[in-house]
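Undergrad: Count along the sequence shown from 1, then add 58; that gives the number in the numbering used here.
Could you have a look at this structure, given as structure tokens, before my questions?
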Amino acid sequence: MLLEALNRGQCFSLPGVFDPFSARIAAHYVKGPLYMTGYGVSATLLGKPDAGLVSYSQMVERLAQITAVIDVPVVADGDTGFGGLANVAQTVAGYERAGAAAIQLEDQEFPKRCGHTRDRRVIDVADMQKKIKIAASTRDQQAFMIIARTDARTQL
Numbered sequence: 059m060l061l062e063a064l065n066r067g068q069c070f071s072l073p074g075v076f077d078p079f080s081a082r083i084a085a086h087y088v089k090g091p092l093y094m095t096g097y098g099v100s101a102t103l104l105g106k107p108d109a110g111l112v113s114y115s116q117m118v119e120r121l122a123q124i125t126a127v128i129d130v131p132v133v134a135d136g137d138t139g140f141g142g143l144a145n146v147a148q149t150v151a152g153y154e155r156a157g158a159a160a161i162q163l164e165d166q167e168f169p170k171r172c173g174h175t176r177d178r179r180v181i182d183v184a185d186m187q188k189k190i191k192i193a194a195s196t197r198d199q200q201a202f203m204i205i206a207r208t209d210a211r212t213q214l
């Protein structure tokens, strides 16, 4: 559904959601795709910024809780993939099984720092290309989108 809409040239503004309740509210009013934000999940689970403290298991569980209560596509924050290339594959497979329409993977070093901070560091372009290739080859459905994000520059 999300990929088809994008192929038609449709543009979206995706509200950030972080739990089933926020997802239900957003889905009721927006009627379009939502974004499961890592910062929001970290803030609601731990009361702390998104600094790599929330585990893969916690994120995929929260994603499954969100997708279980709404019927709109969810783009989910996959952070760095939670480790090396094997972890990226596990993350992509888990997010797809949990019902996401897309996963966003970032190019920070692992363990990551909050994307809004100045002291974050990104991996080499070649390493990010490997990450994207692993992610794309791991997914079961071509409609499951892989979104690559860079944290190389957050302020223009």
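All C-beta atoms, glycine included, are put in the ideal place defined by N, C-alpha and C.
Does DSSP put Asp-185 in a helix, in a strand, or in coil?
TA: Taking the sequence shown and counting its residues from 1, one reaches residue 185 at position 127. Asp-185: helix per DSSP, three-state reduction.
Undergrad: Look at the alpha carbon of Met-186 and the alpha carbon of Glu-164, and state the distance between them as a whole number of angstroms.
TA: Mapped onto the sequence shown, residue 186 falls at position 128. Mapped onto the sequence shown, residue 164 falls at position 106. Going by the C-alpha atoms only, they are around 8 Å apart.
Undergrad: Let me know the secondary structure DSSP gives Met-59 once reduced to three states.
TA: If you number the sequence shown from 1, residue 59 lands on position 1. DSSP places Met-59 in coil when its eight states are reduced to three.
Undergrad: Helix, strand or coil for Val-133, going by three-state DSSP, please let me know.
TA: On the sequence shown, position 75 is the one that residue 133 refers to. DSSP places Val-133 in strand when its eight states are reduced to three.
Undergrad: Where do the ends of the beta strand (DSSP E) carrying Ala-206 lie?
TA: Residue mapping note: residue 206 aligns to position 148 of the sequence shown, counting from 1. Start and end: 203-207.
Undergrad: Using three-state DSSP, classify Glu-164 as helix, strand or coil.
TA: For the purposes of this step, residue 164 is taken as the residue at position 106 of the sequence shown. Residue state, collapsed to three classes: strand.
Undergrad: Determine, using beta carbons only, whether Ile-205 and Arg-197 come nearer to each other than 9 Å.
TA: Here the question's residue 205 lines up with position 147 in the sequence shown. Here the question's residue 197 lines up with position 139 in the sequence shown. No, they are not a contact pair.
Undergrad: Within its chain, find whatever has a CB closer than 8 Å to the CB of Gln-199; leave out the 5 residues flanking it on each side and keep chain order.
TA: Translated into the one-based positions of the sequence shown, residue 199 becomes position 141. Counting only Cβ-Cβ distances below 8 Å, and skipping sequence neighbours, we find Glu-154.
Undergrad: Which value, in whole angstroms, describes the spacing of the CA atoms of Phe-70 and Ala-201?
TA: Numbered from 1 along the sequence shown, position 12 holds the residue referred to as residue 70. Numbered from 1 along the sequence shown, position 143 holds the residue referred to as residue 201. Going by the C-alpha atoms only, they are around 17 Å apart.
Undergrad: Does DSSP classify Phe-76 as helix, strand or coil?
TA: Here residue 76 is taken as the residue at index 18 of the sequence shown, counted from 1. It is coil, neither helix nor strand.
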